[in-house]
Structure formats: structure tokens, C-alpha cells
Amino acid sequence: MALDAVACKMVAIEPFMVPSTRLAHEQGLGIGDISRIDVLGEDINDMQIEDFKLPSGSASFFRATGLTHLLRGMLVAKPELVRQKCKKCWICIEHCPSGALSKKEDYPSFDHKKCIRCYCCQELCPGDAIELKTPFLGRFVK
Ligand code: SF4
Ligand code: SF4
């Protein structure tokens, strides 16, 4: 997580504006506070990429905290379980940074209101049992 925070700093994003970094820091899973991270070698202030351009739409995504939940639900792909592929290893539940996954009826269950769309669950799933579903409106937004 320290690496994520440093990378954010280099491209002029406040690390705690990134939901996964903020929540992981709050839960004690690592250090996201840039003032508490020792960067060895180069001075981080000399390594900032002044003209770094965020992908279209992402800058406003980080800032629009009041609307984030609504827009996220309408536009951003959400993880969903393919039950037939699930091995019930529970890795997804153990590693979800926002506590959006729990065990229900002996399967992982998503609370999409809590989900911050980091997609760690999909990346870590050994059974390829988590798919990303883009909401209808999201298919028209690039
Ligand atoms: S990580 Fe994948 S296989 Fe394991 S419990 Fe979660 S969905 Fe099922
Ligand atoms: S994408 Fe998966 S791991 Fe990330 S917050 Fe949502 S449920 Fe949790």
C-alpha cells in the first residue's frame, strides 16, 4: 500500500482520495499516509510527474465524493459470483478491503453498497468465479 501511496503522490493524487488506499489504511492493513513513508534514494518531490494526465473521467471520480455511490452503482462494473465455479476457499472474503463480502448460504455474498470496485476479489479468486458486470448505463460511457 505504501507503494500505491507513493505512486499517487508522484502523479499528484492525494492517496486518501483513492478509496481502496484510504480504507486499507483505516483498517491497519498498511501505511497510506505519505508523511509516514520513508522513500529511500531519490527525493519524492523531485520525482513528481508534472504533466501526468489521468484517464478521462477519473479525476472527477476521485473528487465527487457526494455522488460517488450513486454514480458507481450506475456506471462502474460490479463484481458478481459465478456459483458453479466457486471453490469456497474464502480468499475473496479475507482480502476484501471494504468488508463488502461475507458468507451467505455457504457462498460469498457481495454488499455492493460497501464495494469500492477495487476488484481484488476477482484478481485473487483461484476459480475464476468472480465476473465483472457493467451496468446498462455504464456501457455507453467511455
Ligand atoms: S475466492 Fe473465488 S473460489 Fe474462493 S470463495 Fe471467493 S469466489 Fe469462491
Ligand atoms: S471489488 Fe471485491 S474486493 Fe474490492 S471492495 Fe468490491 S467486493 Fe471487495
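Quick note: the sequence shown, position 109, residue 109 per this note's numbering, numbers continuous. Backbone N, C-alpha and C define an ideal beta-carbon position, used for all residues, glycine too.
For Ile130, the enclosing beta strand (DSSP E) covers residues Ile130 to Lys133. Taking a C-beta distance under 9 Å as the contact criterion, Cys121 and Leu101 qualify as a contact pair. Checking the 8 Å criterion, the Cβ of Pro108 is within range of a heavy atom belonging to ligand 1. Within the model, the alpha-carbon separation for Ile31 versus His25 is close to 6 Å. As a beta-bridge residue in DSSP terms, Pro79 pairs with Leu132. Here the alpha carbons of Val82 and Arg22 stand approximately 29 Å from one another. DSSP, read as helix, strand or coil, puts Leu54 in coil.
Ser109: not part of any alpha helix (DSSP H); member of the beta strand (DSSP E) spanning Tyr107 to Phe110, first to last residue.
Ranked by Cα distance from Gly127, the first of Trp90, Ser98, Thr134 and Arg117 is Trp90.
Partner residues in a beta bridge of Lys87, as assigned by DSSP, do not exist.
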